[in-house]
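Below is one structure, written out as structure tokens; comments come after it.
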Amino acid sequence: MNSVDAAGLEIGDEHPPRIMGVLNVSEESPYDPSVYDDPAEAAAYVDEALIGEGAEIVDIGLESANKRFEVLSAEEELERLDVALETIASVSGEAIFSIETRYADVADAALARGFDMVNDISGFADARMPTVCEDYDAAVAKMASPPDLERPGAVEETDWSTRKSPAWAAEADYVDMVYEALKQNGLTEKTIVDPAFGGWSEAQTLADDRETFRRLREFRALERPMLVSINRKNFLGSIADRETDDRLPVSLAATSMAVERGAHVIRTHDVGETRDAALIGSAFADRTSHRIDDLTVTQLEAGSTRELEAKLREYDVDPSLIDDTVHHVLEIDGLSSADGTALESVTDEREATCVKLGAGRWILVGSSTEIGRISAHLGDSTPNLSSLTDALERIVS
């Protein structure tokens, strides 16, 4: 997983979840508490309700992305940019400022005049967007979208037969399309991926969002930090039968789950509460790593074949080792050369695979049954591997 430096704010696995608060300077935006057209009032809101409550990133939108409204041109967005820039100048707190746009010209103007990063809701549909962000060494959140500036997020309406192939289009489900949309038009070194929750088109359903959330870990295979925008979304409200104003509890529950499943940035209107929920999710996301004495065993599986295959490729391990019977892919760090040889010898006798990564580091791939048998054999015959035995027992127990 590549971490991203967003104007000095590190985003990635090794860092706390980052909260992105939202400010809109568009009168058509649907969520009233975040909408301001006066720079002084907007700055006060940012200082008190966003930065003051724990937001480290402030995302400023110049127009509503709601499909009910007409899309603004780049020129119309630029006319609203001054309000956003005056707001930034009046903010007293410290934060990274992100401009939400789909246009490279708007991103260019914003980055040149005080913004730190870009939130591209059209997934690099503007072909110049990656270049502009790279020129400013700026982080950019890339939302899954077809290559169309007027249809952000409508991935299911993309002509995938042409973009990929007829065979691929016939077999692909919605999450496959979202994943592929994020790959389209490339990724910069400082891209943060966003799988596009919400009703971006008439074809996108609540079931689509639920499935994307369930399989959220799969997007980690793109090897970039992940942003999710799920605050008070319909797919959560439908589960609890709650309208927007009463959806904070379901949003917080989903936030903890999203962070545990690999999200690094949470975009929200409810900053203080979301920060707390994200910290809970982060605190319990490390349960798959087991450290005993000088040995660490980390479970790399996360519920997704796609993620496991990507992780194995990262280690130069043959991804064909993954099949329907594999339940565990374990990274073992801290083994002596002799202990590694002993582990490899025991594994050779089982329907499991052990691959050396480097000094003291190994990958162990196998089913729960086989991992359990390896642990039992090591415990019986190789006492000096007791730490590894204990860790393996914890994993399969």
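Our numbering numbers the first residue of the sequence shown as 152 and each following residue consecutively. Idealized CB from N, CA, C, for every residue including glycine.
- Within the same chain, ASP256, VAL257 and ALA260 come within 8 Å of LEU229 by CB-CB distance, once the 5 residues on both sides are set aside.
- Following the DSSP letters along the chain, one finds MET294 inside the beta strand (DSSP E) bounded by residues 290–294.
- Annotation: the continuous beta strand (DSSP E) that includes LYS507 extends over 504–509.
- Residue burial is scored here from C-beta neighbours: GLU322 has fewer than 16 other C-beta atoms within 10 angstroms and is therefore classed as exposed.
- Beta-bridge partners of ARG512 (DSSP): ASP484 and GLY509.
- Contact between the segment 336–344 and the segment 284–295 is established, with three or more Cβ pairs separated by less than 8 Å.
- PRO400 sits exposed, since fewer than 16 C-beta atoms from the chains shown fall within 10 Å of its C-beta.
- Between the segment 518–529 and the segment 492–502, the count of Cβ pairs shorter than 8 Å is three or higher; the stretches touch.
- Within a 10 Å sphere around the beta-carbon of ARG365 sit fewer than 16 other beta-carbons, which makes this residue exposed.
- Under the DSSP assignment, THR540 falls in the alpha helix (DSSP H) whose first and last residues are 537–547.
- Residue nearest to LEU174 within the set ILE162, TYR187 and PRO167 is TYR187 (criterion: CA-CA distance).
- CA-to-CA, the gap between PRO470 and TRP513 works out to about 15 Å.
- Per the coordinates, the alpha-carbon of TYR287 lies some 36 Å from the alpha-carbon of PHE435.
- In this structure, GLY265 lies near LEU236, with their beta-carbon atoms less than 8 Å apart.
- Bounds of the alpha helix (DSSP H) holding MET328 are 325–334.
- Excluding the 5 residues flanking it on each side, GLU495 has same chain C-beta neighbours closer than 8 Å at CYS505, LYS507 and TRP513, in chain order.
- Annotation: the segment 316–388 contains the following complete segments of the beta strand (DSSP E) (minimum length 3 residues), in chain order: 342–345.
- Cβ contact annotation for LEU387 (same chain, cutoff 7 Å, sequence separation greater than five): ILE381, ARG398, VAL401, SER402 and ALA405, in chain order.
- Annotation for GLY212: the continuous beta strand (DSSP E) segment containing it runs 208–212.
- Pairing ILE170 with ILE431 gives a Cβ-Cβ distance that is not under 8 Å.
- Nearest to ALA191 by alpha-carbon distance, out of THR238, LEU213, ALA225 and GLU214, is THR238.
- Residue pairing by DSSP puts SER249 in a beta bridge opposite ASP210 and MET268.
- For the options PRO346, SER241, ILE443 and GLU165, the alpha carbon positioned closest to that of ASP541 is the one of ILE443.
- Rounded to whole angstroms, ASP359 and VAL326 show a C-alpha spacing of 8 Å.
- Looking only at ASP392, THR425, THR419 and GLY511, the smallest Cα-Cα distance to ASP445 is reached by GLY511.
- A direct Cα-Cα distance of roughly 18 Å separates LYS315 from ALA278.
- Taking every protein chain shown into account, the CB of SER488 has fewer than 16 other CB atoms within 10 angstroms, so this residue is exposed.
- Apart from the 5 residues on each side of it in sequence, LEU529 sits with its Cβ closer than 8 Å to the Cβ of ALA493, LEU494, VAL497, LEU536, LEU539, THR540 and LEU543 in its chain, given in chain order.
- The continuous beta strand (DSSP E) containing ASP156 extends over residues 155–157.
- Out of ARG368, TRP351 and PRO298, the CA that lies nearest to the CA of LYS334 is found in PRO298.
- Your pair VAL410 and THR363 does not check out as a contact, with CB atoms roughly 16 Å apart and the cut at 8 Å.
- The continuous alpha helix (DSSP H) containing ARG314 extends over residues 311–314.
- In the three-state scheme derived from DSSP, where H, G and I count as helix and E and B as strand, VAL416 is classed as strand.
- Rounded to the nearest angstrom, the gap between the Cα atoms of VAL197 and ILE208 is 10 Å.
- Taking ILE272 as reference, the option from ILE250, THR282 and GLY413 with the minimal CA-CA separation is ILE250.
- Proximity to ARG253 across VAL269, GLU221 and SER243 peaks at VAL269, based on C-alpha coordinates.
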